[in-house]
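Below you'll find the structure, written out as structure tokens, and then a few comments.
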Ligand SMILES: *[C@@H]1O[C@H](CO)[C@@H](O)[C@H](O)[C@H]1NC(C)=O
Ligand SMILES: *[C@@H]1O[C@H](CO)[C@@H](O)[C@H](O)[C@H]1NC(C)=O
Ligand SMILES: *[C@@H]1O[C@H](CO)[C@@H](O)[C@H](O)[C@H]1NC(C)=O
Ligand SMILES: *[C@@H]1O[C@H](CO)[C@@H](O)[C@H](O)[C@H]1NC(C)=O
Ligand SMILES: *[C@@H]1O[C@H](CO)[C@@H](O)[C@H](O)[C@H]1NC(C)=O
Ligand SMILES: *[C@@H]1O[C@H](CO)[C@@H](O)[C@H](O)[C@H]1NC(C)=O
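Numbering (mature numbering (1 follows the signal peptide of the UniProt record, and there is no 0)), first residue to last: -27 to -1, 1 to 319.
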């Protein structure tokens, strides 16, 4: 898939994740309730990780998510699995207030959240960047949480909490039916485990409201982050072009030499190549000595033995020396060698 197509894909995926409730709310859908006094709300740990199965009943669609929430550093990562094996990641970096959207561990798009207050991830929380874990799960006293009764969900004895909430930034009104394992039920995590959240609501014109109905089932919920801290890093090999620079790259000396090992991962050309590089920035000279046992040499080289290329940027001349035969060809410096810049890719 071309980069352009992938970016279009990401934008589409973003629209799905963030615009679930776009439109104008029908305020009549439900009314905010008072938080039930005397019954303690289930404890939401500051950090957690979980898997979520999200069923969108109004779209006949299932998504799977993995979520990591770090309440101490303020970072969130949501990995979404969708149809056709597509995977996208949403990493919120609180230190720089950026969201990195990564499609199939390949292409990255940066969303600058500075000046924005609405964290769209999963449930979306308006007016707060970054919300606490309880706000993130939309389970907090301030939403008006009414205790209903004990019930059974997925075979688990649960406490059922009801609330009617709005998402101002998305102009939606919806009921949240939250189910937590009851204290009488044993779980690997010794407090009440989130089992299910059912979200039913309306957005859009009062005359023609768009209805939505989602069920979020929580599995493998943990009250600590068991994943490595690197879970909030962008995957190896993924380059996020527009992300904020928080660390300067190390300064390199003007004169240096090193031996390099180059691995080429290209289906057409799998190879390992070693070479010695001599770089003199003060005299504008580069020398590269290497072998190419694969025989993919371009003229004027025709042997798999040691070869040397010297580029003199003062005169603009390249010297190609066959170390075996001992002859040399000089050519104007072109951009087909590693130490010259490629023309920008259009
Ligand atoms: C919520 O509490 C307020 C103040 O105690 C009361 O006036 C109101 O009627 C209550 N609302 C509901 C829906 O019970
Ligand atoms: C979902 O499936 C039902 C029953 O098969 C069908 O009536 C309905 O139109 C479908 N809805 C969507 C949005 O595809
Ligand atoms: C997230 O970043 C903001 C702004 O830099 C900071 O005030 C806040 O403490 C951070 N949150 C956490 C949980 O560290
Ligand atoms: C709990 O309350 C809901 C309505 O609020 C009702 O439909 C359900 O039957 C009740 N469950 C039990 C176990 O009483
Ligand atoms: C992010 O947005 C803010 C406010 O619009 C702006 O000042 C800042 O330069 C942006 N950061 C980047 C890296 O573009
Ligand atoms: C060396 O000479 C051979 C035979 O004339 C020629 O094919 C080759 O291109 C030359 N190599 C270089 C590096 O000049």
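Built from N, CA and C at the ideal position, the CB exists for glycine as well.
Let me check understanding here. Comparing Cα to Cα, which of 110, 215 and 121 lies closest to residue 17?
Minimum Cα distance to residue 17 is reached at 110.
Please output, in chain order, the residues near ligand 3 using a CB cut-off of less than 5 angstroms to any non-hydrogen atom of the ligand.
47 and 67
Secondary structure at residue 144, three-state DSSP: helix, strand or coil?
coil
Given this structure, state the Cα-to-Cα distance separating residue 190 from residue 10, to the nearest angstrom.
27 angstroms
How should residue 171 be labelled, buried or exposed, when 16 other C-beta atoms within 10 angstroms of its C-beta is the threshold for buried?
buried
To the nearest whole angstrom, what separates the beta carbons of residue 196 and residue 45, a pair I think is in contact under 8 angstroms?
Not really, about 13 angstroms apart at Cβ, beyond 8 angstroms.
In chain order, what residues of the same chain have a beta carbon less than 7 angstroms from the beta carbon of residue 295, not counting five sequence neighbours either side?
274, 276 and 280
To the nearest angstrom, how far is it from the Cα of residue 235 to the Cα of residue 272?
Those two C-alpha atoms are separated by around 21 angstroms.
Please state if the CB of residue 126 and the CB of residue 152 are separated by a distance shorter than 7 angstroms.
yes
For chain C, find out if any of its Cβ atoms is closer than 7 angstroms to the Cβ of residue 263; answer yes or no.
Among the protein chains of the structure shown there is no chain C, as only one such chain exists.
Report yes or no: do three or more beta-carbon pairs, one from the region 59 to 77 and one from the region 198 to 217, lie closer than 8 angstroms?
Taking a contact to require three or more Cβ pairs closer than 8 angstroms, the region 59 to 77 and the region 198 to 217 qualify as touching.
Measuring alpha carbon to alpha carbon, tell me which of 291, 199 and 134 ends up nearest residue 7.
Here the closest residue by C-alpha is 134.
So what's residue 168 in DSSP terms, helix, strand or just coil?
In the structure shown, residue 168 sits in a strand (DSSP, three-state: E or B).
Do you know how far the Cα of residue 54 is from the Cα of residue -18?
Low confidence applies here, because residue -18 scores a pLDDT of 47, under 50, leaving its location unreliable; read the following figure in that light. Taking the straight line from one Cα to the other gives about 13 angstroms.
With the cut-off set at 7 angstroms, would you say residue 154 and residue 131 are in Cβ contact?
The beta carbons of residue 154 and residue 131 sit closer together than 7 angstroms.
Mind listing, in chain order, the residues whose beta carbon lies closer than 7 angstroms to a non-hydrogen atom of ligand 2?
31, 32 and 33
Just to confirm, is the Cβ distance from residue 64 to residue 205 under 7 angstroms?
Yes, the pair counts as a contact, with Cβ atoms nearer than the cut-off.
So, helix, strand or coil for residue 203, using DSSP?
helix
Beta-carbon within less than 8 angstroms of residue 305's beta-carbon, same chain only, minus the 5 sequence neighbours each way: which residues are those?
289, 290 and 291
Is residue 119 helix, strand or coil by DSSP?
strand
So what does DSSP say about residue 57, is it helix, strand or coil?
helix
Whole beta strand (DSSP E) runs in the region 32 to 84 with 3 or more residues, listed along the chain?
DSSP runs (the beta strand (DSSP E)) wholly in the region 32 to 84: 34 to 43, 48 to 54, 60 to 66 and 71 to 76.
Could you compute how far the alpha carbon of residue 300 sits from the alpha carbon of residue 282?
CA-to-CA, the gap between residue 300 and residue 282 works out to about 12 angstroms.
How long is the line joining the alpha carbons of residue 129 and residue 69, rounded to whole angstroms?
Roughly 41 angstroms between the two C-alpha positions.
Residue 141 to residue 253, Cα distance in whole Å?
60 angstroms
With distance defined between alpha-carbon atoms, name the residue in 86, 87, 62 and 88 nearest to residue 79.
62
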